[in-house]
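Student: Before I ask anything, here is the structure I am working with.
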Amino acid sequence: MLPFDFNAYSALLLPSFIQGLLFALLLLWRYGRQRQSGDLFLAGILAVLSLKVAFWMLGYAGWYNRLDAYTTFMFYFPFNNFILIGPLLYFYFLSSSNAHFKLEKNIGRTLSFPCSIWG
Numbered sequence: 714m715l716p717f718d719f720n721a722y723s724a725l726l727l728p729s730f731i732q733g734l735l736f737a738l739l740l741l742w743r744y745g746r747q748r749q750s751g752d753l754f755l756a757g758i759l760a761v762l763s764l765k766v767a768f769w770m771l772g773y774a775g776w777y778n779r780l781d782a783y784t785t786f787m788f789y790f791p792f793n794n795f796i797l798i799g800p801l802l803y804f805y806f807l808s809s810s811n812a813h814f815k816l817e818k819n820i821g822r823t824l825s826f827p828c829s830i831w832g
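Each residue of the sequence shown is one higher than the last, beginning at 714 in my numbering.
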């Protein structure tokens, strides 16, 4: 039996999850070539939103009612990471509006609170 049971709800969410993940990977690839920090932050935003879609997609696919490793994965993987959206949006708009924006070493102070709640 497949670990992913397609139904009307999960089939509608699958294309948006794949598209979000694909564009996040393409932005990471472009960041590796051009080193524009806006690409990195936009990829992070897309990845966070795609993880939220994956939570609903896997839930509708029946991973909650299996009572095996898939159910354990659904309960312990941090899908609800919307606390990271605020700093990612801040740095994305900062890098979009400032052409000379570079990540500094004190970025840890900005991301320490969301990461402490998330992890």
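All C-beta atoms in this analysis are idealised placements derived from N, C-alpha and C, irrespective of residue type, glycine included.
Below 8 Å between beta carbons: does that hold for residue 767 and residue 792?
Tutor: Contact: yes.
Student: Using 8 Å as the Cβ pair cut-off and three pairs as the minimum, do the segment 774-792 and the segment 806-816 touch?
Tutor: With a cut-off of 8 Å, the segment 806-816 and the segment 774-792 do not count as touching, because too few Cβ pairs lie within range.
Student: Cβ of residue 761 within 8 Å of Cβ of residue 798?
Tutor: Result yes, Cβ atoms of residue 761 and residue 798 sit closer than 8 Å.
Student: Thinking C-alpha only, which one of 718, 828, 723 and 816 is nearest residue 796?
Tutor: Of the candidates 718, 828, 723 and 816, the one whose C-alpha sits nearest the C-alpha of residue 796 is 828.
Student: Counting beta carbon pairs with one atom in the segment 768-778 and one in the segment 739-755, are three or more of them shorter than 8 Å?
Tutor: Short answer: they don't touch.
Student: Beta carbon of residue 741, beta carbon of residue 770: below 8 Å?
Tutor: The answer is no: Cβ separation not under 8 Å.
Student: Check this for me: beta carbons of residue 758 and residue 803, under 8 Å apart or not?
Tutor: Going by C-beta atoms, residue 758 is not nearer than 8 Å to residue 803.
Student: Give every residue of the same chain whose Cβ lies closer than 8 Å to the Cβ of residue 738, excluding the five residues on either side of it in the sequence, and list them in chain order.
Tutor: So the list reads 756, once near-sequence residues are dropped.
Student: In whole angstroms, what is the alpha-carbon distance linking residue 748 and residue 826?
Tutor: Going by the C-alpha atoms only, they are around 26 Å apart.
Student: Would you decide whether residue 745 is buried or exposed? Buried here means 16 or more other CB atoms lie within 10 Å of its CB.
Tutor: By the neighbour-count rule (16 or more Cβ atoms within 10 Å), residue 745 is not buried but exposed.
Student: Report the start-end ranges of each alpha helix (DSSP H) in the segment 730-812 that is 4 residues or longer and not cut off at the edges.
Tutor: List check, alpha helix (DSSP H) in window: 750-773, 782-789 and 798-810.
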